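Student: Take this structure first; my questions come after.
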Amino acid sequence: MNHPRRELDPVIHSPVRFSVVAALSGVEQAEFRFIRDTVEVSDSALSQHVAALEQVGYVKVTKGRAGRRAKTWLALTETGRRAFTHHLAVLNRIATEPPQPPAES
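Take a look at the structure:
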């Protein structure tokens, strides 16, 4: 029998990335600065974590302008939403399912 922890997504499991994906899961998109402030990390740290999430297709980054200011928006992709939902389900299984004793031979 395999422990469910083997199903945890290593990309999402990082505390900062988990927080970013969780923050994005409830919205269609969010401005970079909002996520930075919500997750309480520096611009550079958030950029690195977003790049890792973008590389695996979990987050889409859109750059644009709002008036004279450059803006960056982040959105969870459908792949990212599915991965986050699965990750949460695995965490829930780990937290709520009692361990099974080994089978006797």
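Per full-length UniProt numbering, the sequence shown runs over residues 1 to 105. A virtual CB, placed ideally from N, CA and C, is assigned to each residue, including glycine. What you are looking at is a predicted structure, and each value in this text was computed from that prediction instead of being measured.
#1: Helix, strand or coil, according to DSSP, for R68 in the structure here?
#2: Taking only the alpha-carbon atoms, compute the straight-line gap between A66 and H3 and give it to the nearest angstrom.
#3: Say yes only if the C-beta of R68 is nearer than 7 angstroms to one or more non-hydrogen atoms of the ligand ADP, and no if none qualify.
#4: Measure the Cβ-Cβ separation of S42 and L76 and say whether it is below 8 angstroms.
#5: With a Cβ-Cβ cutoff of 8 angstroms, do S14 and V39 count as a contact?
Tutor: Here's the rundown:
#1: Three-state result, R68: coil.
#2: Between the C-alpha atoms of A66 and H3 there is a straight-line separation of about 48 angstroms.
#3: Questions concerning the ligand ADP fall outside what the structure shown contains, since it holds no ligand whatsoever.
#4: 8 angstroms or more divides the Cβ of S42 from the Cβ of L76.
#5: It is not a contact, given that the beta carbons lie outside the stated cut-off.
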